[in-house]
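Engineer: Taking the working numbering, the leading residue of the sequence shown gets 17, the next gets one more, and so forth.
Each residue gets a CB set at the ideal place from its N, CA and C atoms; glycine is no exception.
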Amino acid sequence: MKTVDRTVMEEVGQHSTFPLLLRHAIVQSIAMINAVNENFDDLIAKNLAMLLPSADVEPQSLVSKNTLFKNDIEVLTPNGCVSIEVEKGARGRFELDREKIRAFAHLHRPEPCFGAMVVPANNQLARDITGAADESSYRYVLRSGRLFAESEHNNLDDILVVGYLVEPEGLIDPPHEARTRDRRGKQGTLGNIVVMLPSDEGEHIERFAAELQKRGQDSYAAVVRQSETLRAIHDGLHSYIPSLQEKWNTGIKYIGFASASGSAVRLYVYVQQHRLVLDVGLPRQREADLRSLGFEVHYRITFKAKRAG
17 MKTVDRTVME EVGQHSTFPL LLRHAIVQSI AMINAVNENF DDLIAKNLAM
67 LLPSADVEPQ SLVSKNTLFK NDIEVLTPNG CVSIEVEKGA RGRFELDREK
117 IRAFAHLHRP EPCFGAMVVP ANNQLARDIT GAADESSYRY VLRSGRLFAE
167 SEHNNLDDIL VVGYLVEPEG LIDPPHEART RDRRGKQGTL GNIVVMLPSD
217 EGEHIERFAA ELQKRGQDSY AAVVRQSETL RAIHDGLHSY IPSLQEKWNT
267 GIKYIGFASA SGSAVRLYVY VQQHRLVLDV GLPRQREADL RSLGFEVHYR
317 ITFKAKRAG
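1) Along the chain, where does the alpha helix (DSSP H) containing residue 61 start, and where does it finish?
2) Mind the definition here: the segment 241-250 touches the segment 284-292 only if three or more C-beta pairs lie below 8 Å; say whether that holds.
3) Using the beta-carbon count (16 or more within 10 Å), is residue 25 buried or exposed?
4) Is the separation between the beta-carbon of residue 70 and that of residue 90 shorter than 7 Å?
5) Pull up the CB-CB distance for residue 68 and residue 93, whole angstroms please, since I reckon it's below 8 Å.
6) Suppose you measure from the CA of residue 101 to the CA of residue 57; what does that come to, to the nearest Å?
7) Answer yes or no: do residue 275 and residue 257 have a C-beta to C-beta separation smaller than 7 Å?
8) Quick one: what's residue 93 bridged to in DSSP?
9) In its own chain, which residues sit with a C-beta less than 6 Å from the C-beta of residue 108, not counting the 5 before and 5 after it?
10) Given a cut-off of 7 Å, decide if residue 47 and residue 80 are closer than it, judged by their beta-carbon atoms.
11) Have a look at the DSSP bridge pairing and note the partners of residue 305.
12) Looking at residue 165 and residue 281, is the spacing between their C-beta atoms short of 7 Å?
13) Out of curiosity, what's the CA-to-CA distance linking residue 42 and residue 30?
14) Who are residue 180's beta bridge partners in DSSP?
15) How many Å lie between residue 97 and residue 169 at the Cα?
16) Within 10 angstroms of its Cβ, does residue 228 collect 16 or more other Cβ (buried), or is it exposed?
17) Using a Cβ-Cβ cutoff of less than 6 Å, which residues in the same chain neighbour residue 62 once the five nearest sequence positions on both sides are dropped?
18) What did DSSP end up calling residue 30 once you bin it into helix, strand or coil?
19) Taking Cβ positions, are residue 126 and residue 82 nearer each other than 7 Å?
20) Which value, in whole angstroms, describes the spacing of the CA atoms of residue 66 and residue 60?
21) Can you have a look at residue 162 and say buried or exposed, based on whether 16 or more other CB atoms are within 10 angstroms of its CB?
22) Since I believe residue 178 is in contact with residue 21 (beta carbons under 8 Å), could you give me their beta-carbon distance rounded to a whole number of angstroms?
23) I think residue 104 touches residue 52, with their Cβ atoms under 8 Å apart; what is that distance to the nearest whole Å?
24) Give every residue of the same chain whose Cβ lies closer than 7 Å to the Cβ of residue 86, excluding the five residues on either side of it in the sequence, and list them in chain order.
25) In the DSSP assignment, the beta strand (DSSP E) including residue 271 goes from what residue to what residue?
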C-alpha cells in the first residue's frame, strides 16, 4: 500500500521530535498491507509488534482512568509513548481522535508522548466536515492540526499523520458488457463509475467531461475541457503508445493510463477543481525534469515515487 506522511509540527514549519525509528515503523506497518479491510487495525498492530520487538504494542487500551474511550493501538517504548488512531471510512471522527491522543498523553505524563493518525490520502471528505469543496482526510487532518501546533500540548510533542492511498474502484476491470464494443469503442455499456476505452477513440476528453456533467460535476467537467495540460498528456500518450488503454472513474474523478489491455495503470491524472494531480512512478533522477516543466513534486515515502501536480 502506498503511503505519505508528515507531522503536524512539520506542517507549520517547525522541527519535529517524533522518534525516527517509531515513525519509520508506523509507516512501514501500513505499507506492508495490501488493502484496507475490517482487520486493518489488527494488521497494523501485528506488523508493529514484528517491527518493534522490544516495544509493548497493545490494541484497544484505555486512554484514561475515568472513561471507557480506547486507543486503536498503543505503543510503549523507552523513546516515547504513541497513541495511534485509524480511520477507514468516508467520514471520520478526527476531533475525537485528537482528544483521545491528548488524554493518552495526560495519562502517561511526564513521559514524552506522540500521536499518530492513519487516514485515507486520496478520498474526498464531505463539505460539512471540512468546510472545503475538495479536501482529503489527510489534508484536512494536517490543516486542522495547525490548531494543535499553536496550543499548549504539554508532554504531547507531535502528531504524525499517515495517509494511505485508497485503491480506486477503477482499477478493477469493468464487467464484460462494458468492454464488448466495436473497434471504435462505440458499443457497450458505460458503467456508473468505470469506463474503459480502446486507444483508437478520438474524443476521449469530451466524453469524460460529458460523463462528469451527467453526474452533476459541472465544475470538474469544465476543468477537463479547459485544461491544455490534460489534453497534451492525453494526446501525447496516445500518439506514442498505440496500445494505450484508459480507465475512467467519475466518482473519484481520474483518468488512468495503462500501456495495454490488462496492464497495470502507470499514470493517474486526478481532476480537482483548480488543478490536476498526477500520480506516477518515476525514478528520483527525473525530479529535475519534472520541476523544469513547472510541476510541484512530492515524494511517496514508501515506494520512492513522486506525486506531481
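Structural biologist: Straight from the coordinates:
1) Unbroken alpha helix (DSSP H) run through residue 61: 56-67.
2) Pairwise C-beta distances place the segment 241-250 in contact with the segment 284-292, as three or more of them are shorter than 8 Å.
3) The residue is buried, with at least 16 neighbouring Cβ atoms inside 10 Å.
4) For residue 70 and residue 90, no; Cβs fall outside 7 Å.
5) For a cut-off of 8 Å, the C-beta gap from residue 68 to residue 93 is around 7 Å, short enough to register as a contact.
6) The C-alpha of residue 57 is placed about 9 Å away from the C-alpha of residue 101.
7) Yes, these two residues count as a Cβ contact at 7 Å.
8) Answer is 96, bridged to residue 93.
9) The beta carbon of residue 108 sits closer than 6 Å to those of 153, all from its chain and outside the five residues before and after it, given in chain order.
10) One thing to note: residue 80 has its Cβ no nearer than 7 Å to the Cβ of residue 47.
11) Paired residues: none, contrary to the question.
12) For the 7 Å CB-CB criterion, residue 281 and residue 165 do not form a contact.
13) In this structure, the alpha-carbon of residue 42 lies about 21 Å from that of residue 30.
14) Partner(s): 19, 136.
15) Looking at the two C-alpha atoms, the distance is approximately 15 Å.
16) Buried, since its Cβ has 16 or more Cβ neighbours within 10 Å.
17) Within the same chain, residue 62 has no close Cβ partners at all.
18) If DSSP states are grouped into helix, strand and coil, residue 30 belongs with coil.
19) No, the pair does not count as a contact, with Cβ atoms beyond the cut-off.
20) Across the structure, residue 66 and residue 60 are spaced so that their CA atoms are roughly 10 Å apart.
21) With fewer than 16 other beta carbons inside 10 angstroms of its own, residue 162 counts as exposed.
22) A Cβ-Cβ separation of about 5 Å places residue 21 in contact with residue 178 under the 8 Å criterion.
23) Contact holds; Cβ gap of about 6 Å.
24) Answer for residue 86: 76, 77, 78, 79, listed in chain order.
25) Run containing residue 271: 270-274, per the beta strand (DSSP E) assignment.
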